[in-house]
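S.K.: Just so we're on the same page, my numbering is the position in the sequence shown counted from 1, plus 335.
All C-beta atoms in this analysis are idealised placements derived from N, C-alpha and C, irrespective of residue type, glycine included.
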Amino acid sequence: MTTTPDLFQKAIWYAAKAHQGQTVPGTQLPYLTHLSQVVSEVWATWHENNPFDIEKAVLCAWLHDVLEDTPAKEQELHTHFGQTIATGVKALTKNPELPHTEQMADSLTRIVTHSPEVCIVKMADRITNLQAPPAHWQLDKRQRYQEEAKQIWEALHQANPPIAKRLQAKIDAYSQYLV
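Given below as C-alpha cells:
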C-alpha cells in the first residue's frame, strides 16, 4: 500500500511534469506556484480542526488543473491515483464543449455532488486566484471574475464554513481591483 507522503510526492511530480513550461498568468512564476498555494489553503483549513479527508483534498488540489490545462487524461489519473481522485479532478474541470457562460455552473453542479473535499479545493483555488489580476485584464473581465467567485461561494459555502469565510473575505477585498 502506498503511504500518504508517497502519494503526495507522486501527485507533485505528476502535476509538475504535466504543467511543465506553464506559468502563473501575468507572471514568470512556474505554475506549480499556484498549485502550492491551493494546497496551502487546503492544509490551513484542515489545520483549523475541520474534519475532512485531507489526503483526498491535497491530492485533488495538486492535480486540480491537469485535465483542464494539460494533455493529461482522466484514465491516467485513475490509474495513478484511483477513481475517487480522478472523478474529483474531473468535477473540478470545466467542460470545454459547453459555452463559456455555462462552464462554471456545470462544474459547480458536479463539485457539489462529489464531496466536501472537492468543494474545499474549488474554494481554495478561487481564493488563490483572487489576488491582483493580470495587468491586461479590462474592468469588465475583473467584474465577471468577481461575480464568478460569488457564484462559487453561493454554491459551495455550506461544504466548509471556515474556508467559505476566507473566500468571502477575498471576494470583498477583490473590489479594490474594480475601480
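1. For residue 365, list the residues DSSP reports as bridge partners.
2. Helix, strand or coil, according to DSSP, for residue 336 in the structure here?
3. Using a 10 Å radius around the Cβ and a threshold of 16 neighbouring Cβ atoms, would you call residue 363 buried or exposed?
4. On the DSSP letters alone, give me the boundaries of the alpha helix (DSSP H) that residue 394 sits inside.
5. Is DSSP giving residue 417 helix, strand or coil here?
6. Mind checking whether residue 446 and residue 491 have CB atoms under 8 Å apart?
7. How would you call residue 481, buried or exposed, if buried means at least 16 neighbouring beta carbons within 10 angstroms?
M.R.: Looking at the atomic coordinates:
1. 358
2. Reliability of the predicted coordinates at residue 336 is poor, the pLDDT of 45 falling under 50, and no value is obtained from them.
3. exposed
4. 389-398
5. coil
6. yes
7. buried
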